[in-house]
Structure formats: structure tokens, C-alpha cells
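Novice:
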Ligand SMILES: Cc1ncc(C[n+]2csc(CCOP(=O)(O)OP(=O)(O)O)c2C)c(N)n1
Ligand SMILES: Cc1ncc(C[n+]2csc(CCOP(=O)(O)OP(=O)(O)O)c2C)c(N)n1
Ligand SMILES: [Mg+2]
Ligand SMILES: [Mg+2]
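Residue numbers (the numbering used here), protein chains in the order written: chain A, 6 to 332; chain B, 6 to 332; chain C, 159 to 499; chain D, 159 to 499.
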């Protein structure tokens, strides 16, 4: 056990899985010599060689599509999309191909491919290096979408994703990479896909969220505890398909639900969470299901003050919890 | 005024707009000589010539991207995607480019492009000629997504889309093309974007839906009226951004809400509708917000019985309304 | 341009020099004929209302079968596209399986009736699963080759697609990837001069799709798509190059689509009967039979027996497939994800 | 391969034959120098913590400026990519505007500070709005040309992109579309031999990006990216072809990226100082100055004044831009859609 950053946890997971299984390999832009633009694959090129840590041409549809092909042969490719914003050229390969491979072949073929992609804002990335892309894909049966919120989960979920026999989109919050640190066992463990996680037990208000927002919510909960407000925090972890049971029981727990995402509001992953609650435990609610999210504008601008204005701020979350508690 | 099919209404709209404005032109695969694989552009090639009714190479990203470029020059391209399933190669152009053009250029440039695409099932199309693709795009600020449910709306909404100064995705239900017929004025009229429409007034149960499902819901409402159940039917028409006010007042009207889509359930456009209601008028509800949708499987299979099993059936809708009425 | 097989008064044996026996070429022809006869039957079944949809291979059998013979049918991986009836027969799919596919029955090995006809995929035969969005299979084929390279396996990965489809981004990205990493991939474009209604000159401005090879730094070649021997030679050469580590090859089978795009299409809205009739003169099934007859390999007896054998097999397969059950309706919920038990 | 300008003991005037006056080439040089000096200043500002990010044009100014001079700067439409500082200066953007862009201030004409630096776009100058996902601008440029053709306007549409980016599907689809419809588009690839850390030979296996032209049936040419006269000549020729209705051209400016990818990059993790030093010997800003001095067009006085003028302008612009206000925070809600009033 040692304290590791979120990105170190990612690198550990990759290293361990490559070491454990010769079929695991990494491909993407700048993942080789450069070790990735965020250094997620640091040291792997030196350790595993250029065939298993492959710098690809600048072509995301090929990265996904070649990854799918390699997965059909029996390998377990881990494809890196340099920024989640740049996954879109690969949308057809991901949605039409990877997600439908098992279904369309009636279980004859499957595509055990993991696609890693840094997402999220707060890094002066401007419109195209800050987006949350998960909602685009969070309606595609056949895909699994995973978003870890801690270094511990990052390692365990990435290992589980690589071992999963279906395609997984694995979004890593780029602001979390170096911001978040935590205990990460050196041992081999996996965190199961498809399971949300109660990150804090509470009785007054339930907050359901994922990604870096978990960190902000936990901080808010901490501060609010001093004012006597007890917050229950559910981290979705797998945001597609959702863990309905955990969502329903978290909502029932307090009867007051706040949903938080840094994605733009309309049509975000939280809409489905709200729909699940409204369909399954409406009468156990004591307050409307509130949402805190980014404004419905394309993405956060580059200029500092505009970026700030766009982002979900910790105080907003705190205020929303408080409002619900007092509701 | 004359009775026209849904697809005839589309062709009328295109013809009228091309006639009215020299800047309107059509591009896509097989839209020229062939008049489109569904014949939506029938007769236009002969009338307006091959430069304004252009057969493009088989390349959807180019169709969208070239369309965007032409729109920047001041034209009003109407791009056809042969099936909505085949829009995905153009996802990057649609989401990263068209949707963000105005925002990213701080209002300097805009992309008044309309992208038409047939969607929906029930035509023996198998996995890739039956899908509902709207949820993928219904979270992208900058885009508008329109789905008409009647010939009248089809004509008026398409004309409004072409005249709109921002990009519009215009999904046409391919099963509706020849199935639905209705009165369509020969005159120049538009149906405003962004406005849902009450297709039937009622007092017991509110059904919110769009596309071909409107037709099924209205039929169900008709039958249920004989049993004394009064159904209020809201047709979303523009499914992004949603008409929140109309949704809220429709929900308030009866306090019992059924949402219907032929898309797969998790993460569909209806999730956002449910979230809006749960956020804004939760206490006016007398029943959980129910959803009728396709199963969470990739898409409907080709084999007849499997296609049938996958599709949302009129009886399911009728039953769900009845259940809510009795709730 | 539609190329025609060179015909001389005195027909010389062209296959021996390629290392093909008389038995080989007869087998080639039988596979071509199988594809043609099955295709013809499918149209009849469609017009009789027994199957909702046909996608046709007519005109492309020669290139397809010749190509299959140029590969190692016990080891290589293939990603055939929806017209490749000739290819998949030569690759080991049975007529019964094909009929099950067209009737969309549970036993269809390609997708159990989930996909439209011609969307092949058969793991047992190392045949990748095909989808409808065109050209998505190209990167998959490259991925197979990359995986084999990583594993140290000496195989070839073969993929086909139409000339219209060669304009998709995925064509470009896959070709470039394969070339940079010198992967053993054979890209074979079946240029049938139409993409639904859009003719070749509205799809591309180059003379041959194989002209694109140079831009990837790979070897390219166009051959007469009506000649199975030309296909065999080109694919064999490309496979040999691949095995020697010389990387991918881009081939163009220059041919013609003899039927409408599918049973939903009316090709007379965009091309003339004269044009189609002219192309039929070069039909590979006809011209190859002529060649085989001229060199006395296809005798009257052999031909009659072959036709008879195929007809019987088609009759039985059609009968079987028609009677075979559809998959259970509930099965639509299955295999979205791995089902462990 | 990095090409070098041919240098002979006796330097001959090369620009006159191209129809360029001494004033023209001085103006070319001044634009190149502007781009270089601005770029250098940006790095200083970044290292001083005043701006968070720099994307650099160093090494590519010659091709950029030469290209701009080859076009009609009053009529043509352009879609420059993020390194095109030299191009946009020659196209009419001021140093002040560039500094506002880099400081992301409200007055930045490109995006009002919404986009990262170098994401150009200026409707007044017929300069399309650039985004980050590479190569998306290529189909836009084709769309401009198509629209002009539909309207009957005689203009040229010019677009640039990196060599790594030439592997994106959009490059392929755009080039093919332009070729099929013989549209007046000039595609200029600025091959600087790196895509972030990935070197040319891991991006493509062809000798020159312009080798891809033949596969589209268009004209292609590679020129020395360090020579603005070569760029001018190639672009001028391509523009002439476009005006004559001969369709698109694919050009490669063969050069080198002298700085790290951006201010976030450390290029010494993937290339050697020796390699960069070697490339610096062919730096177009240096070699073109040498040429101009050798033919006595760039005298000591002219040069000193030019440097002085540029320095002053940069100082003033930096000062201005630093002081200029950011857009109002609330403005993030604006211009998602048309705002009617
Ligand atoms: C991405 C995509 N766009 C459109 C279609 C619809 N479509 C099916 S086949 C076809 C034409 C294909 O032409 P070509 O590649 O020449 O192959 P051919 O059918 O002639 O063998 C089109 C446009 C599709 N399947 N996929
Ligand atoms: C679609 C996409 N993928 C990845 C990136 C990240 N990225 C930005 S620049 C770059 C390298 C571009 O290389 P090249 O095209 O050679 O242009 P250069 O920067 O060398 O001028 C990459 C990978 C991107 N911007 N867009
Ligand atoms: Mg074709
Ligand atoms: Mg480069």
C-alpha cells in the first residue's frame, strides 16, 4: 500500500495487466516513446517494447478499428484516445462495431477492447480539451462506460475493464490525474464493473455523481457535516449501464436527491438517473430531484474567467445540498 | 390543401425551399438521378440540375463537412444521410464542427445546415437500418434535433429547419414515409422549431412522445376513449433542446405521465423529459413516471419474429396508459 | 473501364503456369457457379415473397473465387463484404448455411438471423463479422494482421469492399496504418462501377482504386475482375509479399455489377439496359466456362453433373432453410454482453 | 528528408522570374519575421507565467507566407491551421489581434478568448473558424469551393494541415470530394516531420504527402518548406490551375518543426538536440534573409528598421493585450444559437 496519484494508479494497472497477460497491449498517439501526453503510459515502452506499446498514426477511427480487429484475434488492446474530445472520429467504430460485435454475430465474436480517454475541464483546455463526452455514448447497449473517481478505483476498475470480455470506454478525469492522491495497493485487485459505490453514508440528502465531482461533493459533505447536515454520496463508477439497484436504494435512503455532473445539463447521464428514480421510487421522495451541471453551452472556453464561469463550482454543490436539506 | 404522405410532404418542403431560395441545395448519396433511396428528392434533380441536387461520393463525414463549408459561404445545404445509422462517420463534423461553429467563433461564423436522415424500425432493416440515433446527439448544445410525426409537421418543420440559421438534425421516420398520410397545405407555412405540440387534449393520463410513436399513441388514446380513459398527448417535435414549458404543463395537466420512445430505454431522450418533470413538478404527480421503450439491446434484428419482439407495440402503449389511469 | 478476357482463336492453358491443376480450376468454376445459381434462386424467392431482401453478387463471382483460392484457406483471416457469395462459398460456407442466412433462421451461422443477408461472419472459418456501415471492416482486418504480428503468427488478413466505399475515411486510415506497420493485409476493392446509383466517375477521379496504393507507400495492382485466374494471381502475389514481410497490398478487381444494387433497387432509373447487356458479354461465369470448355477441362458431362449437383443442393438447402425455425423472440435480449453461467 | 535551399557562391535573383518585385519579397520576409518574433515573444510570456499556452510556428513561416502571397488576398477563402502564424499575418491579421488571441481577451477577433491560441477564424478576412480536432477544416474548405462553384464565383479555397493529420479520414474524404467535382481547392500539408512525438516514418510510409494526389486523380507537388519562393510558386501554380477549372491540388511543404509541439511538450524525450540543430541550419527565416542580403534587397538599414518596427509593434500589442479585458463571465451563455433581437 502506498499513496499514489490517480494517473500513477492508471499506469500501475496497465503495467500489471501487461505483465500478467501477454495479450494485453497498448496503442494510441504518442503513447510510446513519449509515454503519452499525460504520461499515463510512462515507462511501458521501455519495458514492453514498441510492438506492445504502439505509437499509431494520427487516426482515431483506425485506433479503435484496429483495436477491435486485434481483439477479435484474441488480444486485449487498450487504446488511448489522447483527449476524449478526439474520440468522435472513432464514433462509428465504437458504436456500430465494438458495441454490436457480440450481438450481431449471435455471440460468435466479441471485442474485448478497452478505450481509455482523458476527459473533463479545469485545465485551460478550451472547448476541445475539456469536454465530458460520456453522454454521447451512454445510450449504446453493448458498451460499458466506466469513470473512476479515486486512485484506488482507477486501478481496480481499469484492470477489470481490461479483463472484461466486452468493449469498455474508460474515461479518466485529466484534472484528477495529479490532483487526486490516495492509497493504492501494490497487489492485484479488481473493482467490479457495473457497481456504484457509496463513498459516504448519510441521512439527510443523497448526492449521486461520478468522476472528479465525487471529490468536490465529498468536500462539500465534509463541510456540511459541521453544520449538522448528513450527506449520503453515491459514486456511479460505471455510468452505463447504470447500477439501478444502488441508485434506487441511495435515493430511498434520504428521500432527497441531488445529481451532480460537470457535463452540460440537458441529456447528461444524470437524466437517466433521474428517470430511474422517478420511475421506481417517486413516492419515497421528499423533494424534487435537483441537478447541478454545466450550462447548456458547447464547452468551456479557454479564457480563465470564462472557464471559471462555465465549470461546476464546489460552492454550487454545497449550496444545493443545503437547499435540499432545508427543503 | 390535399392529402399527402409523410415523404411527399418532405419532398414538397425541399422543392418549395429550393424554389424560394437559390441558396438552398441538396447533397447526399443517390439523391440525384435516383431521387434518393426512399425517393425523398424525387424530381428535384430534373428540376434544379445536378449542381443543386448533388450525388456525392460515399463518404458521410465529407457530406456533413462539405455541407458545413458551403453553409459558411452563405448557402443553405440540406444534406441527406441515407440512413441515420450511417451518420456516425460524420459524428465529429456534426458535434465538433457544426454544433460549435457559432459558439467557438464568438458569433462570427454560423452553419445553417440541415441534415436529414431516415430513422426507426419496422421495415425489415435489421440492426443497421432501423436504429433511433437521436439520443447520441441529444446532449450537444448548438444542435437542434427535429422529429416530425405527421405530414403537416414534416413539411412545416423541414422548411423551418432549412431557414434556421443554426445546424438542425432532421430525423424522418422511414416507416412513416408511406404509412402516414394527412392534409398538407400547398401554401408556404412553417412550424416553429423548439415547440412541442399537444396532439390530443385529455385529463387522465399524459403521454409524451415523438416520431412514429405519436401515431401509435393517438390510436391507443382513441381506443381508450371508448373505455372512458382520457389521454393527453404531447408530441415533442423538437427533441433537443426540449420545450420544457410544454413538458411541465403537460405533466401537470393530468399528474400521470407515460413516456414513449421506440429507442432503447436507458439514456434515451425520454430520460431528460423525466428529469425535467422530476425536477420541476414532482409534487404534482400522482404516479411514477413510466416509460415504454425498446429493450436495452443494440438494435432490432432482421428476422421477422425478432424484429417484432424488439419493437414497441401499440398494445404495450395501450396497456401502459390503462395501468396509469388505474393507478 | 470494363476489361475483357483476351480471347484468341487458339485458346491456351493459362492456369498451369499459375500452378493450378485442372481440378483446381474446375473447383473454382464450381464455386463461381454455386454463387451464381444461389443468387439467381434468391431473386426468385424474393419475387415469390419468400424472402424480403436480396443483395446480389452477380458479376463479381470470378474475382471473389479467384481471390479465395489465392489465400491459405486453413489459416488466413478474412473479412468479406456483403456481395462476397463466391468468396464465402470458396471459403467453406455451405449452400445450406447461405440459405439459412437468407431466410434469417436461428441456425444461420453468420448471425442467427439477426443481420440482413450477406452480412457474413463465421468464427470457425476465421471470417470476421460484417456490419452494414461500409468499410468498417478494413481497420478490423488491419487489427487482425497487427495481432498476428504481435503473436508472431504467419498469416494473411484479407478484406474486400466496394469502390464507393473506398471513399470512406476508414479505408484511408486502415490502409495507412497497415502500410506504416508493414502488416500482412490484402485490401481487395471490388470495383463494380456503381455504388447504388452513383457511377464510378462520380465516386472517384482516379483511374483505378489501386492507384491509391502509392499514397500509402504500398504495392497496388488492378486486375480484370471477370477473370478468376487474374484474381488468383494477384492475390497469390500479394499473399506472398505479405508472408515475406513486404507489407500490405491494395488490389482492384475491375468488374461490373450485373444486377440492381439490391432487390429494393431499380437500376433502370440510372443506367441503361444496353450498358448492362454489354457488360454481360464479359460476365466471368460465362467467359471462364468458355475458357474451360475450350481447353477441354469442362466437358459436357462434367458441366451437366455440376449444374445438377448445385441445383439439388440449392433445392434441399432452400427447403431446409424455409422450414427451419426462427430464433426465439426472447432471444433478442441475449448476447448484448457476455453471459456467464 | 529536410531539403535545403540551393546555395551557390554567386547568388542569383530567383524571385524576379516568378513575377515578384523586391518590395514583394521584402514584404514576404517581414511577415515571416513578424511570425518568428511574435512566436519568440509568446514563449517568453509563457515562461513568465503570463499566458498558459503556446503553439509554435517556428520553422514553418516560409511556407506559410509564401503560400499567402500565392493567393488572392482580397477574394480567396482560407482555412489555416493552428501553426499558421506566418500565414495569418500575411493574410491581414495584426500583431495586436494575435496578442489578443494569445491572451484570450474579449477583443480577440478569432473567438473572443473562447478558443485556445492559434485557433484562427475571422470572417472579415474570409478565414474559416478552426477547431482542435485535426483535419476537420479540410471538408469545410471543399464546401467553400463547392458553394463558390454553385454561385458561379471565381475564387480559390485554401486549407492547411499537418502531415500527421493527413492520416485522418477527413483528409481523404475531402480530397476525393474536391477531385471528383473538380473544385478550386488547394490542400497544403505542412510536413514538419513530427506529429507531437511521432516522427514522419511512423505516420506514413509514402515518400511525400503529395504522393497521395494521384489516388485522388489530382495534381500533387512537394516543395522545400523552408523556401517562401518555392511555396509561392507552388501555390500560385495551383491557384492558376484552380481558376482554369483544373480542380484541386495537393501540396506538401517539406519542412521541420523547430520547437516542441507546444509549451506543454518536452521534445527532448523523443528527438535529439543534434537533429534540431541540424534542421536549424535550413531555417527559412535565416536562409531567406541570407538570400535577400546576398542580392542586396535586405540591406543593413532595412533590416534594422524592420526588426525595430516589429519589436515596437509587439511591445505595444503585448501591452495592450495584457491590459485588455476578458469577456464577461456571463458571456459563456451566449451564441450557442442565433440570438435574435
Ligand atoms: C457508411 C454507409 N453509408 C451508406 C450506406 C448505404 N449503402 C449501402 S451499399 C452502398 C453503396 C456501396 O457501393 P460500393 O462501395 O461501390 O459497393 P457495391 O455495393 O457496389 O458492391 C451504400 C451507399 C452504408 N451501408 N454505409
Ligand atoms: C482528431 C485529433 N486527434 C488528436 C489530436 C491531438 N493532437 C493535437 S496536434 C497533434 C499532432 C498533429 O500533428 P501534425 O498533423 O503533423 O501537425 P503539427 O502539429 O506537426 O503541425 C495531435 C495528435 C487532435 N487535435 N485531434
Ligand atoms: Mg460498387
Ligand atoms: Mg507535423
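The C-beta atom is built at its ideal place from N, Cα and C for all residues, glycine as well.
Among all the DSSP beta bridges, which residues are the ones paired with residue 382 of chain D?
Specialist: Paired residues: D:412.
Novice: Ignoring anything shorter than 3 residues or poking outside the stretch 206-283 of chain A, list the beta strand (DSSP E) runs there in chain order.
Specialist: You should have 210-214, 236-240, 243-245 and 262-269.
Novice: Within the 9 Å Cβ cut-off, does residue 329 of chain C reach chain D?
Specialist: Yes - at least one Cβ of chain D is within 9 Å of the one on residue 329 of chain C.
Novice: Please return the same chain residues whose Cβ sits closer than 7 Å to the Cβ of residue 447 of chain C, not counting the five positions on each side in sequence.
Specialist: 187 and 456.
Novice: Between residue 172 of chain A and residue 148 of chain A, is the Cβ-Cβ spacing less than 9 Å?
Specialist: The answer is yes: Cβ separation under 9 Å.
Novice: Just curious, the beta strand (DSSP E) that residue 3 of chain B is in, first and last residue?
Specialist: Since the first and last residues shown for chain B are 6 and 332, residue 3 of chain B lies out of range.
Novice: Taking the alpha carbon of residue 134 of chain A as the reference point, which residue from D:283, D:277 and D:296 has its own alpha carbon closest?
Specialist: Answer by Cα proximity: D:277.
Novice: Quick one: complete beta strand (DSSP E) runs, 3+ long, within the stretch 312-397 of chain D?
Specialist: Within the stretch 312-397 of chain D, the complete beta strand (DSSP E) runs of at least 3 residues are 315-320, 343-349 and 377-382.
Novice: Got a sec: which bits of the stretch 419-435 of chain C sit with their beta carbon under 7 Å from any beta carbon on chain B, in order along the chain?
Specialist: Cβ contacts with chain B come from 427 and 428.
Novice: Skipping 5 residues on each side, what residues in its chain have a beta carbon closer than 7 Å to that of residue 182 of chain B?
Specialist: Excluding sequence neighbours, residue 182 of chain B sits near 10, 11, 12 and 43.
Novice: Using the beta-carbon of each residue, which ones in chain B are nearer than 8 Å to residue 273 of chain D?
Specialist: Ordered by position in chain B, the residues that pass the 8 Å Cβ test against residue 273 of chain D are 109.
Novice: Note down the Cα distance separating residue 107 of chain A from residue 299 of chain C, rounded to an integer number of angstroms.
Specialist: Between residue 107 of chain A and residue 299 of chain C, the C-alpha separation is close to 17 Å.
Novice: Where DSSP assigns a beta bridge to residue 82 of chain B, which residues make up the other side?
Specialist: B:30.
Novice: In whole angstroms, give me the CA-to-CA distance for residue 250 of chain C and residue 404 of chain D.
Specialist: Spanning the two alpha carbons is a distance of roughly 49 Å.
Novice: Any chance the stretch 323-332 of chain A sits against the stretch 206-219 of chain A, with 3 or more Cβ pairs inside 8 Å?
Specialist: Yes, they touch.
Novice: Can at least three beta-carbon pairs, one atom from the stretch 39-57 of chain A and one from the stretch 91-110 of chain A, be found at a separation below 8 Å?
Specialist: Touching, no.
Novice: Kindly indicate which three-state DSSP category residue 133 of chain B falls into: helix, strand or coil?
Specialist: Of the three classes helix, strand and coil, the one that applies to residue 133 of chain B here is coil, per DSSP.
Novice: Taking 8 Å as the cut-off, is the C-beta of residue 226 of chain A nearer than that to any heavy atom in ligand 2?
Specialist: Result no, Cβ not under 8 Å from ligand 2.
Novice: Under a Cβ-count criterion, where at least 16 other Cβ atoms within 10 Å of its own Cβ denotes burial, should residue 317 of chain B be classed as buried or exposed?
Specialist: When all chains shown are included, residue 317 of chain B counts as buried.
Novice: When you compare the CB of residue 97 of chain A with every CB in chain C, is at least one pair closer than 9 Å?
Specialist: For residue 97 of chain A, the answer is yes, since a Cβ of chain C falls inside 9 Å of its Cβ.
Novice: Relative to the alpha-carbon of residue 260 of chain C, which residue among C:490, C:481 and C:498 has its alpha-carbon at the smallest distance?
Specialist: Of C:490, C:481 and C:498, the residue nearest in Cα terms is C:481.
Novice: Return yes when the Cβ of residue 215 of chain A is within less than 9 Å of the Cβ of residue 187 of chain A, no when it is not.
Specialist: Cβ atoms of residue 187 of chain A and residue 215 of chain A: not closer than 9 Å.
Novice: When we look at the beta-carbon of residue 282 of chain C and count the other beta-carbons within 10 Å, is it buried (16 or more) or exposed?
Specialist: The residue in question, residue 282 of chain C, is exposed, as its Cβ has fewer than 16 Cβ neighbours within 10 Å.
Novice: Using 9 Å as the threshold, is the C-beta distance between residue 3 of chain B and residue 159 of chain B below it?
Specialist: Outside the shown range of chain B, which is 6 to 332, sits residue 3 of chain B, and nothing can be said about it.
Novice: Using only CA atoms, which one of D:476, D:181, D:406 and D:175 lies nearest to residue 257 of chain D?
Specialist: The shortest C-alpha separation from residue 257 of chain D is found at D:476.
Novice: Rounded to the nearest angstrom, what separates residue 20 of chain B and residue 49 of chain B at their Cα positions?
Specialist: One C-alpha to the other measures close to 7 Å.
Novice: Can you tell me where the beta strand (DSSP E) holding residue 10 of chain A begins and where it ends?
Specialist: Note, residue 10 of chain A: beta strand (DSSP E), 7-10.
Novice: Rounded to a whole number of angstroms, what is the C-alpha to C-alpha distance between residue 170 of chain B and residue 151 of chain B?
Specialist: For residue 170 of chain B and residue 151 of chain B, the distance between alpha carbons rounds to 14 Å.
Novice: Cβ of residue 410 of chain C within 8 Å of any heavy atom in ligand 6?
Specialist: Although ligand 6 was asked about, the structure shown includes only ligand 1, ligand 2, ligand 3 and ligand 4 as ligands.
Novice: Can you give me the start and stop residues for the beta strand (DSSP E) that residue 174 of chain B sits inside?
Specialist: Segment 173-178, the beta strand (DSSP E) holding residue 174 of chain B.
Novice: Mind checking which residues open and close the beta strand (DSSP E) that includes residue 124 of chain B?
Specialist: Taken as a continuous stretch (DSSP letters only), the beta strand (DSSP E) holding residue 124 of chain B covers 119-124.
Novice: Do residue 110 of chain A and residue 287 of chain C come within 9 Å of each other at the CB atom, strictly closer than that value?
Specialist: In this structure, residue 110 of chain A lies closer than 9 Å to residue 287 of chain C by Cβ.
Novice: Using beta carbons (cut-off 9 Å, strictly below), is residue 62 of chain B in contact with chain C?
Specialist: Yes, residue 62 of chain B lies at the interface with chain C (some Cβ there is under 9 Å from its Cβ).
Novice: Would residue 71 of chain A count as contacting chain C if we go by Cβ distances under 9 Å?
Specialist: True, the Cβ-Cβ gap to chain C drops below 9 Å.
Novice: Sorted by chain position, which residues of the same chain lie with C-beta nearer than 6 Å to residue 485 of chain C's C-beta, five sequence neighbours on each side aside?
Specialist: Within the same chain, residue 485 of chain C has close Cβ partners 264, 270 and 271.
Novice: Starting from residue 458 of chain D, trace the alpha helix (DSSP H) in both directions and tell me its first and last residue.
Specialist: First-last of the alpha helix (DSSP H) with residue 458 of chain D: 458-481.
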